[in-house]
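Before any comments, here is the structure.
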Amino acid sequence: MSTSPFARALTLGAFTLLTAQHAFAAEDDNVKPPYKAAGDIVVYQPSSNVDPELVPYAESGDFKILYREGSTAVARSGNNYYCNAVKLPAGFDPASARMVDDFVLFEGKAWADCKPLDYSLDAGKFAALDFPFYSDGKVVLTVTGERIKDADGASFETLARNQAKDKNHYYFMASEDVILPYKRSASAYAPCYGWGNVDGTMHYEGKPRPDVDSESFTCFSFSTAADKHGFYAGGKPPQAVIPAGVNVRAIKPLAENILSDGKHVWFVGIEATLLTGINAGKVSWKETMDGKKITDGVNSWECTSSQTNDEPTCNKL
11 MSTSPFARAL TLGAFTLLTA QHAFAAEDDN VKPPYKAAGD IVVYQPSSNV DPELVPYAES
71 GDFKILYREG STAVARSGNN YYCNAVKLPA GFDPASARMV DDFVLFEGKA WADCKPLDYS
131 LDAGKFAALD FPFYSDGKVV LTVTGERIKD ADGASFETLA RNQAKDKNHY YFMASEDVIL
191 PYKRSASAYA PCYGWGNVDG TMHYEGKPRP DVDSESFTCF SFSTAADKHG FYAGGKPPQA
251 VIPAGVNVRA IKPLAENILS DGKHVWFVGI EATLLTGINA GKVSWKETMD GKKITDGVNS
311 WECTSSQTND EPTCNKL
């Protein structure tokens with residue numbers, strides 16, 4: 011069935027009004043989220059707080075979603091193919107196209123989140139790397155489709171989440187992107203977020219942290235690390251609760267937030283606390299309403315992962 015542009019515009023306007031009033035007809039058998047049907051018209055509306063977009067020339071009677079991942083959907087109606095509400099070029103063939111996360115690739119062309127890229131990609135070699143990086147071995151780009159122009163695709167490798175290097179540069183890509191040249195080495199400390207080592211100097215989110223000791227630096231979790239100066243919560247200054255002479259590399263997690271070097275026991279959450287009096291060889295713990303009770307049978311501490319005002323997160327019982 012064919013519908014005139016004027017009729018389609020009227021229907022879309024009516025659909026927008028219905029959306030605003032939260033008055034919906036029953037879902038069409040063929041049209042599934044993030045699409046909706048208004049009569050024989052199809053609109054793209056990923057959430058109720060955004061206006062629907064008309065999917066041009068799409069008919070609800072033969073509409074079918076072929077791929078959906080993240081914020082990207084590929085669909086078909088008649089001989090037309092769509093990426094969200096964007097009509098893909100004539101000749102698009104889903105059998106020979108590749109869909110990788112929010113990327114659609116076909117015959118050298120590529121779309122990121124359904125926005126066309128202004129450079130070519132090799133669909134056969136295109137792959138997702140550690141977030142937010144992608145590459146086809148020549149071109150390196152981020153999840154948004156932004157090309158990293160100075161990156162050498164042949165030598166590019168990811169080091170951890172948000173961190174990578176090639177033969178010349180270290181990359182930290184997040185809310186603020188940092189690209190640094192290096193001469194000797196570049197490395198990261200997975201699974202810790204943000205920590206890297208560039209030519210022997212510690213960095214956090216790409217910014218130098220010469221106050222951090224690279225020789226003793228140890229990563230425990232996404233947000234917890236330590237060196238001889240103390241424990242780090244993200245990139246904040248160290249909390250100096252590690253006694254002198256402790257081998258930081260001997261510290262191991264016993265449970266979430268509880269760490270020990272075999273002699274001392276720490277609770278590390280928002281704050282890091284040395285649990286004095288706890289015998290590491292006899293330590294045990296149990297969950298409480300607010301956190302953990304940690305004991306060796308003689309001495310006990312109660313710790314929480316949250317903090318009210320400036321109150322300590324651990325208290326000796």
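Take 11 as the starting number for the sequence shown in this note's numbering and just add one per residue.
Glycine included, C-beta positions come from ideal geometry on N, C-alpha and C.
Here the structure is a predicted model, which means the values were calculated and not measured.
Where residue i falls, given that 16 or more other Cβ within 10 Å makes a residue buried
i	result
V53	buried
S70	buried
I280	exposed
P263	exposed
T283	buried
H32	Its pLDDT being 38, under 50, H32 is placed unreliably in this model, and the value from its coordinates should be taken loosely. H32 is exposed by the Cβ-count criterion.
D112	buried
A95	buried
Q317	exposed
V84	buried
Y129	exposed
A122	buried
G155	buried
R194	exposed
N59	exposed
N289	exposed
A48	buried
A254	exposed
A161	buried
Distance CB(residue i)-CB(residue j) smaller than 9 Å
i	j	result
I75	V65	no
T323	S315	yes
S226	V258	yes
P220	A236	no
K42	Y67	no
K326	T286	yes
G216	F182	yes
V278	I268	yes
Y192	K175	yes
A260	G244	no
A198	W205	yes
Assigned secondary structure, residue i (DSSP; H/G/I helix, E/B strand, else coil)
i	result
G279	coil
R259	helix
D72	helix
A100	coil
A83	strand
A290	helix
G301	strand
C202	coil
Y92	strand
L285	coil
N319	coil
P66	strand
F34	Model confidence at F34 stands at a pLDDT of 44, short of 50, so the residue's coordinates are unreliable; what they give is reported in the following sentence. In this structure, F34 counts as coil in the three-state DSSP scheme.
K193	coil
S58	coil
K119	strand
M212	strand
S310	strand
V110	strand
N40	coil
A105	coil
A47	strand
A24	Reliability fails at A24, whose pLDDT of 48 lies under 50, so the model's placement of it is uncertain and the value that follows must be treated cautiously. Three-state result, A24: helix.
Pairwise C-alpha distance: residue j and residue i
i	j	result
V251	F232	20 Å
N40	M109	21 Å
N90	F102	8 Å
F230	P201	7 Å
P44	L190	40 Å
P62	K159	35 Å
K177	P126	29 Å
V308	S294	11 Å
L139	E117	22 Å
G163	L169	15 Å
A35	S57	Because A35 sits at a pLDDT of 44, beneath the cut-off of 50, its placement in the model cannot be relied upon, and the following sentence gives the value as read from the coordinates. Those two C-alpha atoms are separated by around 16 Å.
G134	K119	12 Å
S185	P142	11 Å
K292	A265	14 Å
V150	Y214	23 Å
K148	L115	15 Å
R78	S224	44 Å
F73	T82	16 Å
M212	A100	51 Å
K238	H179	29 Å
K46	C93	15 Å
Residue-level contact to chain C via CB, residue i, 9 Å cutoff
i	result
A260	Protein chain content of the structure displayed is limited to a single chain, and chain C is not contained in it.
Residue i beta carbon near the ligand GDP (any heavy atom closer than 8 Å)
i	result
E167	Inclusion of the ligand GDP in the displayed structure is not the case, the ligand content being empty and no account of it being possible.
Every unbroken beta strand (DSSP E) within the stretch 121 to 180, with a cutoff of 3 residues, ordered by chain: If we require 3 residues or more, the beta strand (DSSP E) runs fully inside the stretch 121 to 180 come out as 143 to 145, 150 to 152, 167 to 170, 173 to 175.
Quick one: which unbroken beta strand (DSSP E) runs of 3-plus residues sit fully inside the stretch 214 to 278? Chain order, please. 234 to 237, 240 to 243, 262 to 265, 268 to 270, 275 to 278
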